[in-house]
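Colleague: Residue numbers (the working numbering): 12 to 159.
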Ligand SMILES: CC(C)(COP(=O)(O)OP(=O)(O)OC[C@H]1O[C@@H](n2cnc3c(N)ncnc32)[C@H](O)[C@@H]1OP(=O)(O)O)[C@@H](O)C(=O)NCCC(=O)NCCS
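#1: Does the beta-carbon of residue 108, which I'm using as the reference point, lie nearer than 6 Å to any heavy atom of ligand 1?
#2: Mind pulling the alpha helix (DSSP H) runs of 4 or more residues that sit fully within the region 48-76?
#3: If we count the other Cβ atoms within 10 Å of its Cβ and call it buried at 16 or more, is residue 155 buried or exposed?
#4: Can we count residue 100 as close to ligand 1, meaning its CB is less than 6 Å from some heavy atom?
#5: Applying the criterion that 16 or more other CB atoms from any shown protein chain within 10 Å of the CB defines a buried residue, is residue 146 buried or exposed?
#6: CB-CB under 8 Å to residue 89, same chain, minus the five flanking residues each way: which ones, in chain order?
#7: Considering only the beta carbon of each residue, do residue 132 and residue 96 sit closer than 7 Å?
#8: Does the Cβ of residue 119 have 16 or more other Cβ atoms within 10 Å, making it buried, or fewer, making it exposed?
#9: If you draw a straight line from the C-alpha of residue 59 to the C-alpha of residue 158, how long is it?
#10: Classify residue 152: buried if its beta carbon has 16 or more other beta carbons within 10 angstroms, exposed otherwise.
#11: Can residue 137 be considered in contact with ligand 1, in the sense that its beta carbon sits closer than 6 Å to one or more heavy atoms?
Here you go:
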């Protein structure tokens, strides 16, 4: 697998939001995820697939322009709860409704699979993301403690 660049990459997929299942698509996802995770490699991402990581993406004109990564956390009453770890739209493709398109697809897919709730992580200083999630109808539920 070639080392992915940091540029949005052409993929052999139909346009639209979808779960990414091929190695090529995961490799293209690395380029977008590097904005948040500069040292991320394809091999590392793929290793996490064995731990339940899923990757969704948004394809536009055969280019991958956005990525969402999903992990799960066990809750003893609710069962496996999906978390949106990262939601990233390539900077050149922001403010065009792409974040909303990808987010809605991910949340609808997870609800259709039986998830009662979909949780999202973001840092409290990420005002743009907080504004985005509030606009998506997400509710803030309690503080998270960062324990060192
Ligand atoms: C947060 C993020 C995913 C939003 O993606 P996006 O594609 O810009 O989202 P949208 O286009 O759906 O909405 C963004 C804004 O564009 C506006 N917009 C949507 N379609 C538009 C259009 N056709 N024309 C003009 N504006 C439009 C929306 O109303 C929204 O405005 P607001 O911020 O004033 O509410 C994106 O900014 C991003 O990738 N940020 C960096 C990573 C990050 O922080 N991720 C979240 C934490 S994990």
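Here a beta-carbon is modelled for each residue, glycine too, at the ideal position from N, C-alpha and C.
Modeller: If we stick to the structure as given:
#1: One-based indexing of the chain shown puts residue 108 at position 97. Residue 108 Cβ: within cutoff of ligand 1.
#2: Runs of the alpha helix (DSSP H) lying entirely within the region 48-76, each at least 4 residues long, are 53-60 in chain order.
#3: Start at 1 with the first residue of the chain shown, and residue 155 comes out as number 144. Exposed.
#4: Locating residue 100 in the chain shown gives position 89, where the first residue counts as 1. Yes, Cβ of residue 100 sits closer than 6 Å to a heavy atom of ligand 1.
#5: On the chain shown, position 135 is the one that residue 146 refers to. With fewer than 16 other Cβ atoms within 10 Å, it is exposed.
#6: For the purposes of this step, residue 89 is taken as residue 78 along the chain shown, with counting starting at 1. These residues qualify, in order along the chain: 127 and 128.
#7: Sequence index remark: in the chain shown, residue 132 carries index 121 (1-based). Sequence index remark: in the chain shown, residue 96 carries index 85 (1-based). Yes, the pair counts as a contact, with Cβ atoms nearer than the cut-off.
#8: Along the chain shown, read from residue 1 onward, the residue named residue 119 stands at position 108. With fewer than 16 Cβ atoms within 10 Å of its Cβ, residue 119 is classed as exposed.
#9: One-based indexing of the chain shown puts residue 59 at position 48. One-based indexing of the chain shown puts residue 158 at position 147. Straight-line Cα distance between these residues: approximately 23 Å.
#10: Residue mapping note: residue 152 aligns to position 141 of the chain shown, counting from 1. Exposed is the call here.
#11: For this step, residue 137 is matched to residue 126 along the chain shown. Yes, ligand 1 has a heavy atom inside 6 Å of this Cβ.
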